[in-house]
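Undergrad:
In structure tokens form, the structure reads like this:
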């Protein structure tokens, strides 16, 4: 097995695809830790097949194929797990997910702006919630607030962010 | 679609149960809009997680440590892809070297995964924490959301909440319902960790309930009586007294006339007759659905049929305003933008097709000008306008965003109505809107009424209810909606429940324990204190009269006053002829209002010590200065003067030789205070 035909183009493509790949996989699993694991094994396969990638074609589409396969593999390995999505779900969501990731960069930029627009308290809450290693429960107890209230607030803030992003994308 | 959000949140915060997973799958599989929302939401969640890790320095070290490798990337910043690339390139080169020296198939003995930021916690593979996810009743929007025409229609639009069955009329016990309201509000307070403000003082509360139920402040006699009353249930008595007054129905009629046709008096309609129609409806406590139906399906001459004036005011511009206004007022839905635009949030907002389907109900309506020969001018002049229905049928045509001509047939809440010319479309619409299981009309009434009494609705903006607008208390909204339906849309009972609730009696003073309740900051309102509301123009005018005119006798008084009031108001309001037929006002705490208050004729005559004014009476009563000031304060603000005020007024009295003038000045000060112009 040889390396990529042209590392100077392959590597940036690879790096740029990391986040969208993660998001793609997350959509199929719903679980960020699992998504991370699957991303890791996907990356392995990508590198091992690097010489098969055809310059000029869509790297992301190619990588997503691999990722999808890895998702199914992961599912197989965790056969007994009750909390996993069905194959039908994975198939259906795959397509939707790929089409939505075209403007992933735009969205990410929009998100940054939208985060700035949040009231300080809300931004803090999001920051706290998504601090690596934090669970929803941790946040509530760290802030000394009832769980329910925290969940509701987080849900609300996410909705606000989503709407804000959609508006920005719509406005171009 | 409403139930999708709690499922998504449960998924993101790690509390999803197997049942919920199944629900989520079903929704996503069956509804393309749900699918889109799912994907976008998860992408948002993922991005937040990913970005957070990227900027967290500690993560990178810990990941490396966890996977037992040497930290490949230095432990500061990231987002610098250049660095990443450098590292990865060298890694790739290393890999290539290593791999080529091995026999295929290469078993990855070397960990080649680049440093991947960790996401947040896993979905609990153990029993999920016992978190109450709000799967409770969320008001369903009956207006289904069909797809864009080019996509094939789904086999079945998933009903995400159980379809509301027509309710068997259950007897609603007023006291029990009030208790239910109180406990549902308390739940929200406990969850949010706030303590409600204390109960409002008598004077504070009396002024509030008078303004809300009668449309004006209490006169000083009423204040004196109430403050002296020692009965434990005196507040309940006041509520009953007020509802029995003609002022009650007049106030409601004023509010709704303004909502329906605006305040500007230059529209060619008979506004007074519309107000009269509404007054009668409220005086006899007719079911709200009856009022709505009559307004929507009215026919006849505007000078004879009061309710016809609603649509007469809005049937310009191809009935677009009529459609928008009908939806906004009776259903609390904003559809006017979807006439031409795709809703930026397509899974929540209505579609263009829906707008035009609603609009097509108004296609038969037309306005006929009734002319009469006027000998003085020699012309046939318009004396009145009639609202009629023409026997036309067929579809409504409109252009979609791609310029393609489309058709819409009359359809409401998923029910199609025959497009034949012989079908009376507006009557059908009235029937559909007000049928027993039509929750939207009930929920809209609840939200508007709540907003009227509390300054903010349970859903805000008030007239934009939908899955995209969060509710401050979904359970309460649901309970009240159900109760309204069960009592056959009894307006009076709804008003009573609300003003008898504990929350309505709270003071408007904020305490340290409910600082978190700040709707002005964008938080959902908790109603842990009474929010301050400005007086409307009509309330201000009426209150000025109450405060200053001594001789007001009975019901005819207010009718006589109506002309005067209309004239006063007309200085401030003008019509805007746009898609929404809105009002432009220069009222509302602005310069014009201030000038009017300070210098206007009304106030001037009120403090002129002319016979018949309150001032005239007070100055001539026995008692010392303090007594008189107290009377003035009670007349204007419904309370006793504070020591600071008395101290400030003494010098005014000292320095004047006139009898009435200084009191006039004091009165003027009270009337122009900001306290006078607010309802707290």
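Chains as they are written, first to last, in our numbering: chain A, 8 to 179; chain B, -16 to 663.
Glycine residues also receive a C-beta, built at the ideal position from the N, C-alpha and C atoms.
This one's a predicted model, so the numbers in the text were calculated from it and none came from an experiment.
1. Is the region 260 to 276 of chain B touching the region 347 to 359 of chain B, taking contact as three or more C-beta pairs under 8 Å?
2. Any Cβ of chain B within less than 9 Å of the Cβ of residue 63 of chain A?
3. Grouping DSSP H, G and I as helix and E and B as strand, with all else coil, what is residue 367 of chain B?
4. If distances are taken between C-alpha atoms only, which option among B/277, B/193, B/167, B/297 comes closest to residue 523 of chain B?
5. For the 8 Å Cβ check, are there 3 or more pairs between the region 175 to 184 of chain B and the region 409 to 416 of chain B?
6. Return the bridge partner residues of residue 128 of chain A from the DSSP annotation.
7. Run down chain A in chain order and give the residues with a C-beta less than 7 Å from the C-beta of residue 335 of chain B.
8. In angstroms, rounded to a whole number, what distance separates the CA positions of residue 642 of chain B and residue 206 of chain B?
9. What in chain A is Cβ-close to residue -12 of chain B, meaning under 8 Å?
10. Can you say whether residue 213 of chain B is buried or exposed, counting buried as having 16 or more other CB atoms within 10 angstroms of its CB?
11. Which two residues bound the contiguous beta strand (DSSP E) that contains residue 390 of chain B?
12. Which residue wins for smallest C-alpha separation from residue 132 of chain A, given the options A/57, A/121, A/147, A/140?
13. If you follow the alpha helix (DSSP H) that residue 170 of chain B is part of, which residue opens it and which one closes it?
14. Tell me, to the nearest whole angstrom, how far the beta carbon of residue 295 of chain B is from that of residue 408 of chain B; I am working on the premise that it is less than 8 Å.
15. By DSSP, does residue 498 of chain B sit in helix, in strand, or in coil?
16. Find the residues of chain B that neighbour residue 93 of chain A, judging by a C-beta separation of less than 7 Å, and give them in chain order.
17. How long is the line joining the alpha carbons of residue 732 of chain B and residue 624 of chain B, rounded to whole angstroms?
18. Could you check how far apart the C-beta atoms of residue 310 of chain B and residue 318 of chain B are, in whole angstroms? I think they sit under 8 Å.
19. Which residues in chain A have a C-beta closer than 8 Å to the C-beta of residue 24 of chain B? List them in chain order.
20. Less than 9 Å separating the beta-carbons of residue 42 of chain A and residue 53 of chain A?
21. Taking only three categories from DSSP, how would you classify residue 30 of chain B?
22. Hey, residue 396 of chain B and residue 379 of chain B are a contact pair by Cβ (cut 8 Å); roughly how many whole angstroms apart?
23. Could you list which residues in chain A have their beta carbon closer than 7 Å to that of residue -6 of chain B, in chain order?
24. Sorted by chain position, which residues of the same chain lie with C-beta nearer than 7 Å to residue 113 of chain A's C-beta, five sequence neighbours on each side aside?
25. Which of the three DSSP states, helix, strand or coil, is assigned to residue 407 of chain B?
26. Just the Cα atoms here: how many angstroms apart are residue 603 of chain B and residue 233 of chain B?
27. Using the C-alpha atoms, what's the distance from residue 657 of chain B back to residue 221 of chain B?
28. State the DSSP-derived secondary structure class of residue 517 of chain B, mapped to helix, strand or coil.
29. Could you tell me whether the Cβ of residue 30 of chain B comes closer than 9 Å to any Cβ of chain A?
30. Going along chain B in order, which residues have a C-beta closer than 7 Å to the C-beta of residue 76 of chain A?
31. Residue range of the beta strand (DSSP E) that residue 350 of chain B falls in?
32. Can you give me the C-alpha to C-alpha distance between residue 106 of chain B and residue -1 of chain B, rounded to a whole angstrom?
33. Tell me which residues share the same chain as residue 25 of chain A and place their Cβ nearer than 6 Å to its Cβ, disregarding the 5 neighbours each side in the sequence.
34. Note down, in chain order, all residues in the region 115 to 130 of chain A with a beta-carbon under 7 Å from any beta-carbon belonging to chain E.
35. Kindly say whether residue 133 of chain A, judged by its beta-carbon, lies nearer than 9 Å to any beta-carbon of chain B.
36. Within the continuous alpha helix (DSSP H) that includes residue 103 of chain A, where are the two ends?
TA: The short version:
1. no
2. On the first chain, residue 63 of chain A is found 56 positions in, with the first residue counted as 1. So no, residue 63 of chain A is outside the interface.
3. As a working mapping, residue 367 of chain B is identified with position 384 in the second chain. Correct three-state label for residue 367 of chain B: strand.
4. Along the second chain, one-based indexing puts residue 523 of chain B at 540. Here the closest residue by C-alpha is B/193.
5. no
6. The count along the first chain starts at 1 and reaches residue 128 of chain A at position 121. DSSP lists no partner for residue 128 of chain A.
7. Numbered from its first residue, the second chain carries residue 335 of chain B at position 352. Correct list: empty, because the minimum Cβ distance to chain A is about 15 Å.
8. As a position in the second chain, residue 642 of chain B is number 659, starting the count at 1. As a position in the second chain, residue 206 of chain B is number 223, starting the count at 1. If you take the alpha carbons of residue 642 of chain B and residue 206 of chain B, they lie about 25 Å apart.
9. Sequence index remark: in the second chain, residue -12 of chain B carries index 5 (1-based). Within 8 Å Cβ-Cβ: 162, 166.
10. As a position in the second chain, residue 213 of chain B is number 230, starting the count at 1. Residue 213 of chain B should be labelled exposed.
11. If you number the second chain from 1, residue 390 of chain B lands on position 407. Where residue 390 of chain B is concerned, the enclosing beta strand (DSSP E) stretches over 388 to 391.
12. Taking the first residue of the first chain as 1, we reach residue 132 of chain A at position 125. Cα-wise, what sits closest to residue 132 of chain A is A/147.
13. Residue mapping note: residue 170 of chain B aligns to position 187 of the second chain, counting from 1. First-last of the alpha helix (DSSP H) with residue 170 of chain B: 157 to 175.
14. Working through the second chain from its first residue, we reach residue 295 of chain B at position 312. Working through the second chain from its first residue, we reach residue 408 of chain B at position 425. About 17 Å separates the two Cβ atoms, so there is no contact after all.
15. In the second chain, the residue the question calls residue 498 of chain B occupies position 515. Residue 498 of chain B falls in the coil class under three-state DSSP.
16. Here residue 93 of chain A corresponds to residue number 86 of the first chain, with the count starting at 1. The contacting residues are 8.
17. Because chain B here runs from -16 to 663, residue 732 of chain B falls outside it and cannot be looked at.
18. One-based indexing of the second chain puts residue 310 of chain B at position 327. One-based indexing of the second chain puts residue 318 of chain B at position 335. The Cβ separation is near 4 Å, so the contact holds.
19. As a position in the second chain, residue 24 of chain B is number 41, starting the count at 1. Within 8 Å Cβ-Cβ: 165, 169.
20. Locating residue 42 of chain A in the first chain gives position 35, counting from the first residue. Locating residue 53 of chain A in the first chain gives position 46, counting from the first residue. No, they are not a contact pair.
21. Along the second chain, one-based indexing puts residue 30 of chain B at 47. In the three-state scheme derived from DSSP, where H, G and I count as helix and E and B as strand, residue 30 of chain B is classed as helix.
22. Along the second chain, one-based indexing puts residue 396 of chain B at 413. Along the second chain, one-based indexing puts residue 379 of chain B at 396. Not really, about 18 Å apart at Cβ, beyond 8 Å.
23. Taking the second chain and counting its residues from 1, one reaches residue -6 of chain B at position 11. Result: 37.
24. For the purposes of this step, residue 113 of chain A is identified with residue 106 of the first chain, where counting begins at 1. Excluding sequence neighbours, residue 113 of chain A sits near 176.
25. Walking along the second chain from the start, residue 407 of chain B turns up at place 424. Coil at residue 407 of chain B, not helix or strand.
26. Residue 603 of chain B sits at position 620 when you count from the first residue of the second chain. Residue 233 of chain B sits at position 250 when you count from the first residue of the second chain. Distance between the alpha carbons of residue 603 of chain B and residue 233 of chain B: 33 Å.
27. Along the second chain, one-based indexing puts residue 221 of chain B at 238. Along the second chain, one-based indexing puts residue 657 of chain B at 674. Approximately 26 Å, taken between the alpha carbons.
28. Taking the second chain and counting its residues from 1, the one referred to as residue 517 of chain B is at position 534. Of the three classes helix, strand and coil, the one that applies to residue 517 of chain B here is strand, per DSSP.
29. By one-based count along the second chain, residue 30 of chain B stands at place 47. For residue 30 of chain B, the answer is yes, since a Cβ of chain A falls inside 9 Å of its Cβ.
30. The sequence position of residue 76 of chain A within the first chain is 69, counting from 1. Within chain B, no residue comes near residue 76 of chain A; the closest Cβ sits about 16 Å away, beyond 7 Å.
31. What you label residue 350 of chain B is simply residue 367 of the second chain in a count that begins at 1. Element bounds for residue 350 of chain B: 348 to 357.
32. Here residue 106 of chain B refers to the residue found at position 123 of the second chain. Here residue -1 of chain B refers to the residue found at position 16 of the second chain. At residue 106 of chain B, the pLDDT of 38 sits below 50, so the modelled position is not reliable; the number obtained from the coordinates is stated separately. When rounded, the distance between both Cα atoms is 8 Å.
33. By 1-based counting over the first chain, the position of residue 25 of chain A is 18. Cβ-Cβ distances below 6 Å link residue 25 of chain A to nothing in the same chain once the five nearest sequence neighbours on each side are left out.
34. Given the protein chain composition of this structure (A and B), no chain E is represented.
35. Position 126 of the first chain, counted from the first residue, corresponds to residue 133 of chain A. Chain B contact via Cβ: present.
36. What you label residue 103 of chain A is simply residue 96 of the first chain in a count that begins at 1. In the DSSP assignment, residue 103 of chain A falls within the unbroken alpha helix (DSSP H) covering 94 to 107.
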